Every structure is written in C-alpha cells, then in structure tokens.
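The sequence shown: position 18 = 18 (the UniProt record's numbering), numbered continuously.
We put the CB at the ideal spot given by N, CA and C, even for glycine.
Only a predicted model underlies this, so the values are computations on that prediction, with no experimental measurement involved.
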Amino acid sequence: MATYAIGDLQGCLDPLKSLLDKIAFDPAVDKLWFVGDLVNRGPQSLEALRFVRDLGDSAFTVLGNHDLFLLACAFTDRSPKPGDTLDTILNAPDRDELIDWLRNRPLIHHDTQLGWTLVHAGIPPEWDLDTALAQAKMAQKALRQSDPLPFFTAMFGENPALWHEKLSKTLKIRYTINALTRMRYVTQDGQLDLKEKRPVEEVGDKLLPWFDYPRRASRNERIVFGHWSALGDARDRKKTWCIDQGCLWGRELTALHLDTRPATVIQVSCPCYRQLNVTTPSKQSST
Numbered sequence: 001m002a003t004y005a006i007g008d009l010q011g012c013l014d015p016l017k018s019l020l021d022k023i024a025f026d027p028a029v030d031k032l033w034f035v036g037d038l039v040n041r042g043p044q045s046l047e048a049l050r051f052v053r054d055l056g057d058s059a060f061t062v063l064g065n066h067d068l069f070l071l072a073c074a075f076t077d078r079s080p081k082p083g084d085t086l087d088t089i090l091n092a093p094d095r096d097e098l099i100d101w102l103r104n105r106p107l108i109h110h111d112t113q114l115g116w117t118l119v120h121a122g123i124p125p126e127w128d129l130d131t132a133l134a135q136a137k138m139a140q141k142a143l144r145q146s147d148p149l150p151f152f153t154a155m156f157g158e159n160p161a162l163w164h165e166k167l168s169k170t171l172k173i174r175y176t177i178n179a180l181t182r183m184r185y186v187t188q189d190g191q192l193d194l195k196e197k198r199p200v201e202e203v204g205d206k207l208l209p210w211f212d213y214p215r216r217a218s219r220n221e222r223i224v225f226g227h228w229s230a231l232g233d234a235r236d237r238k239k240t241w242c243i244d245q246g247c248l249w250g251r252e253l254t255a256l257h258l259d260t261r262p263a264t265v266i267q268v269s270c271p272c273y274r275q276l277n278v279t280t281p282s283k284q285s286s287t
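Pasting the structure below:
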C-alpha cells in the first residue's frame, strides 16, 4: 500500500493517467491525495473531475481556489472568465452530481498515522494545525448548507489580511478561504499578501513565503500543498512540499510518495498548453 500526493491537475487528465501508470497505481490498495484545483484552464476539466470522483475511496482531494470558483459559478450569478474551461462542467448532464460531490470536499486534511497534512495553498503563520482544522470545519459547514449563499457572500474579498478571534463569522470564513486556498506570501508581521505571484528571488524582503515565517505555529507539521507553480522544484522547504510544478503550462505533473523517508518525487511531462494552443508563460506565472 502506498500514498501519493498529486499536484494541481487543472483539467489535465491525460498526464494524470500517465503518472498513475508510472507509479503503478493500484486502486485496490493505494491512495491518492489531490492538492485541489482539479479543474479550470486545462482542456479536460469535465473529464478530470469525473475521473477523480470515480476513483471513490482510493482518492482524497481538498478544495483549491479554482474548484471554489467553479462552485461559485454553479450557485451564484458569477460566470467563467475568458480562458476558463468550466462551461463543459456547468452544462454537463451530470452537473448536479459533480457539483454536489465537489462541494462536500474539505479545505484541509490531516492523517495522524501518516503524519502529513494536505492543503491547497498553505497554513497561515498564526494557526497551529488544530486551529486550521477547526476554522476549515466551520467554513466547510457553511459551504454544505442547503443554501450555501452565505458562504459565497463571504468568499470574495481580500480583507481581513490578519487573523483575529474577534472577527465576525463572515470574515473568519473569508480569511480561512484566502489562507487555505490563495495564500503564497505574508508580510513581516504575518499578514496575507494575495497580490504578489512572482518567484521568491524577485520579491523584496518585505514579503516572506508563508512557510518561511520565523514564528509559524505549524512549523513542526509536514505539509504538502500546491497552488504555486512559480515556486520552483518540488523539494523539502522546512517540512513543506509544493507539488504544483506547472503541468498546465507544459511543465510537469508531480506525485509525492508520502510513505518514503525522505518523500520521493515522481513526475511526467504535461502537453496541456499545446492542446490549448497557447504560449508557455514565463516561470513567474502562477494560477
């Protein structure tokens, strides 16, 4: 039995199938952890969503920002943006089943036995693991209500940038979504900076990657995440591993074997950008 974390798919199903062949994935005994962003921008969003859903108990996924945007389009008057590839899902005959399955996925997952935590973007500096799990649970409950509109009302916006226990429920949900699914950098005093996307070497010392924050409360946890294709190679960064390696942009789809010490990286090339007939962006690009 083996457990593999898989980087952002974003609608790139064929590379996933190649990767599963390469690791000799056996759904009867092996487990897959997806870091979120199953859909959008890639050429097979509908097929990728169906494929992961149909893996059943052999796969586990957390929600990414693109997954949440799909849900917002399904439940509110939001519409896909130019370049999005969500219409095939929104117009699919099994749309309702897929949307219902997706909105019941969590924002974070921790496996005590394995000793790993799975999240799309990261855990903000102020939060230990218990706080992250508790705040995610509150947000997930709002998303799963029969009327999820309060969740989506809370979802959009960049403030508050700093966590506080006295925030309103709406602002707590917004901060939770932003931290767990959108965060890359934080300021020297721990505030979220959701605008900066450039590689670390191009950013001044006013901002830090969230995992480099010196007093990070989750610093003793092993965390696997995605969302940051401009970060660079998949490697251990203070017990955190980013496995978004830019598959959508013609780079690699990455699996991280979580049972090995140290964790082992397995990759396949990804031709998605050629299928979309777009130009590969610079290394600083990140979704």
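Roughly how many angstroms lie between the CA atoms of residue i and residue j, to the nearest whole one?
i: R184; j: P271; result: 26 angstroms
i: A92; j: E126; result: 41 angstroms
i: S218; j: L167; result: 21 angstroms
i: Q140; j: I173; result: 9 angstroms
i: residue 290; j: P148; result: No answer is possible for residue 290: it lies beyond the span of the chain, which begins at 1 and ends at 287.
i: G83; j: G157; result: 22 angstroms
i: K239; j: L133; result: 18 angstroms
i: K17; j: S269; result: 12 angstroms
i: D57; j: D111; result: 15 angstroms
i: L205; j: D96; result: According to the sequence as given, residue 205 is Asp; it is not Leu. Near 46 angstroms, if we compare the C-alpha coordinates of D96 and D205.
i: V203; j: E221; result: 26 angstroms
i: K169; j: M155; result: 12 angstroms
i: L55; j: Q267; result: 20 angstroms
i: A24; j: L49; result: 21 angstroms
i: P160; j: D244; result: 26 angstroms
i: D189; j: F211; result: 14 angstroms
i: R105; j: S229; result: 23 angstroms
i: E252; j: L118; result: 20 angstroms
i: P27; j: P15; result: 17 angstroms
i: I231; j: S146; result: What sits at residue 231 in the sequence shown is Leu, not Ile. Those two C-alpha atoms are separated by around 38 angstroms.
i: K197; j: N178; result: 14 angstroms
Determine the burial state of residue i: buried for a count of at least 16 other Cβ atoms within 10 Å of its Cβ, exposed for fewer.
i: N65; result: buried
i: G246; result: buried
i: T254; result: buried
i: Q10; result: buried
i: G42; result: buried
i: R216; result: buried
i: R144; result: exposed
i: T176; result: buried
i: L13; result: buried
i: D37; result: buried
i: L180; result: buried
i: A74; result: buried
i: E165; result: exposed
i: S282; result: Unreliable placement is indicated for S282, whose pLDDT of 41 sits below 50; no coordinate value is reported for it.
i: M1; result: exposed
Does the distance from the C-beta atom of residue i to that of residue j stay below 9 angstroms?
i: F152; j: L98; result: no
i: V200; j: A234; result: no
i: residue 290; j: D77; result: With the chain covering only 1 through 287, there is no way to say anything about residue 290.
i: A59; j: V35; result: no
i: V52; j: S45; result: no
i: Y213; j: L248; result: no
i: R182; j: L192; result: yes
i: W116; j: V186; result: no
i: H120; j: H257; result: no
i: D259; j: L20; result: no
Going by DSSP, which residues form a beta bridge with residue i?
i: A255; result: I6, I266
i: W33; result: A5, F60
i: T240; result: I223, R237
i: V119; result: I108
i: D14; result: Paired residues: none, contrary to the question.
i: T187; result: L207
i: D193; result: Y185
Pick out whichever of the options has its Cα sitting closest to the Cα of residue i.
i: D8; options: D96, F25, V62; result: V62
i: T131; options: H109, H227, D189; result: H109
i: D30; options: P106, G232, T3; result: T3
i: W163; options: R251, D37, Q135; result: Q135
i: G122; options: R105, L194, R144; result: L194
i: A263; options: F25, L90, C242, D54; result: C242
i: R261; options: D236, D244, R251; result: D236
i: P124; options: M138, L208, A24, T85; result: L208
i: E47; options: R198, P150, K81, I89; result: I89
Quick one: is residue i near chain C, going by C-beta distance under 9 angstroms?
i: N220; result: Looking for chain C here will not work: only one protein chain is present.
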